Amino acid sequence: MSGTQRALAGWGLFIVGLFTLVLGIWFNHYANFPSVETVTIATESATGLGVGDSVTYNREARTVAATPVINPDLPQTPVDLEVRVDYFGWVPRDCMISGGDWCLPWFSVGHLVAFGGSQLMLLGVAIAVLLGRRMTWSLAALAAFLAMTELVLLLGNVASEWLNLAQGPLNWTEQNDAFTIWAPLVLGNNVGISWGAIKDFISINYNMGALTFIILFARWIQSFGGPMPQPRTDAVSPYGRPLVKGAE
Numbered sequence: 020m021s022g023t024q025r026a027l028a029g030w031g032l033f034i035v036g037l038f039t040l041v042l043g044i045w046f047n048h049y050a051n052f053p054s055v056e057t058v059t060i061a062t063e064s065a066t067g068l069g070v071g072d073s074v075t076y077n078r079e080a081r082t083v084a085a086t087p088v089i090n091p092d093l094p095q096t097p098v099d100l101e102v103r104v105d106y107f108g109w110v111p112r113d114c115m116i117s118g119g120d121w122c123l124p125w126f127s128v129g130h131l132v133a134f135g136g137s138q139l140m141l142l143g144v145a146i147a148v149l150l151g152r153r154m155t156w157s158l159a160a161l162a163a164f165l166a167m168t169e170l171v172l173l174l175g176n177v178a179s180e181w182l183n184l185a186q187g188p189l190n191w192t193e194q195n196d197a198f199t200i201w202a203p204l205v206l207g208n209n210v211g212i213s214w215g216a217i218k219d220f221i222s223i224n225y226n227m228g229a230l231t232f233i234i235l236f237a238r239w240i241q242s243f244g245g246p247m248p249q250p251r252t253d254a255v256s257p258y259g260r261p262l263v264k265g266a267e
């Protein structure tokens, strides 16, 4: 691959990754809006609002105005109001899959798309700027910055977002049992494994696996340039010591 082809491929990947990153962030933003928000208004019951009555909810001030005006002396009653979102209200919200006490939210798709875009961007810069070029101090500094960014994403962002998802919408906590171990295996005792333990097991193994992969990958890319050249002995100095020139 020539230098021009390498640059076109690398910057093309970078642009595709940038677009994917923006798309993921945009999707995550709008998928985070709830479809229904519960507020309280002063009325005898939620059904007390008849046909033709209107309720306006100010999300920033968290106040409710109703027509006709509702008596503020009446008890506060919770009312579910639809949350409307400007032009992108068609973006799916709430849960892709849900159970009794857990939910796999749509905004997690935005996280995955944005992460994929970030990987394409880093790969594109590495191909366009670093691949096939003689290493200099400036290129080494850029490579170190790219490596640090990748480490932050893999060991920081991904691990953190996994815990946010598991402890939040998925409700993988110590209070929720995933399964019970067969009693004869635990001397007849009642021993169970909680979803919180599974969450921690996944987190620990992911971090250890990612760190192992990073170390092996770092050793592998060091072999791209072949073996290090050996210094060459040309002559003997007046003091009887060999003269050694630096490796070329």
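Residue numbering for the sequence shown follows the numbering used here, beginning at 20 and increasing consecutively. Ideal placement from N, C-alpha and C gives every residue a C-beta, glycine not left out. None of the values given here were measured: they were computed from a predicted structure.
Cutoff 6 Å; reference residue i; Cβ partners in own chain excluding five residues on either side
| i | result |
| --- | --- |
| Val210 | Ile200 |
| Gly217 | It is Ile, not Gly, that sits at residue 217 in the sequence shown. Closer than 6 Å at Cβ, skipping near neighbours: Ala197. |
| Trp121 | Leu189 and Asn190 |
| Val35 | Leu139 |
| Thr192 | Gly215 |
Residue i vs residue j beta-carbon contact at 9 Å
| i | j | result |
| --- | --- | --- |
| Leu149 | Leu165 | yes |
| Gly43 | Val132 | yes |
| Asp105 | Ser54 | no |
| Val177 | Ala229 | yes |
| Leu40 | Met140 | yes |
| Leu37 | Pro124 | no |
| Leu158 | Ser222 | no |
| Phe220 | Phe126 | no |
Own chain partners of residue i with C-beta closer than 8 Å, once the 5 adjacent residues on each side are dropped
| i | result |
| --- | --- |
| Trp30 | Gly143 and Ala147 |
| Ala145 | Gly29, Ala162 and Leu165 |
| Asn226 | Leu174 and Ala178 |
| Pro203 | none |
Own chain partners of residue i with C-beta closer than 7 Å, once the 5 adjacent residues on each side are dropped
| i | result |
| --- | --- |
| Phe52 | Val102, Val104 and Arg112 |
| Arg260 | none |
| Phe107 | Tyr49 |
| Thr66 | Note on Thr66: pLDDT 49, under 50, position unreliable in the model; the coordinate value appears next. Excluding residues within five positions, none has a Cβ falling inside 7 Å. |
| Glu180 | His130 |
| Thr168 | Leu141 |
Extent of the continuous beta strand (DSSP E) to which residue i belongs
| i | result |
| --- | --- |
| Ser54 | From DSSP, Ser54 is part of no beta strand (DSSP E); its letter is neither H nor E. |
| Met115 | Cys114 to Ser117 |
| Pro111 | Segment: none, Pro111 is in no beta strand (DSSP E) and carries neither H nor E. |
| Pro124 | Cys122 to Pro124 |
The alpha helix (DSSP H) enclosing residue i, as first and last residue numbers
| i | result |
| --- | --- |
| Gln24 | Gly22 to Ala50 |
For residue i: DSSP bridge partner residues
| i | result |
| --- | --- |
| Pro261 | Val255 |
* To do: Report the residue ranges of all beta strand (DSSP E) runs contained in full by the region 138-214; include only those spanning at least 3 residues, in chain order.
  => 196-199 and 211-213
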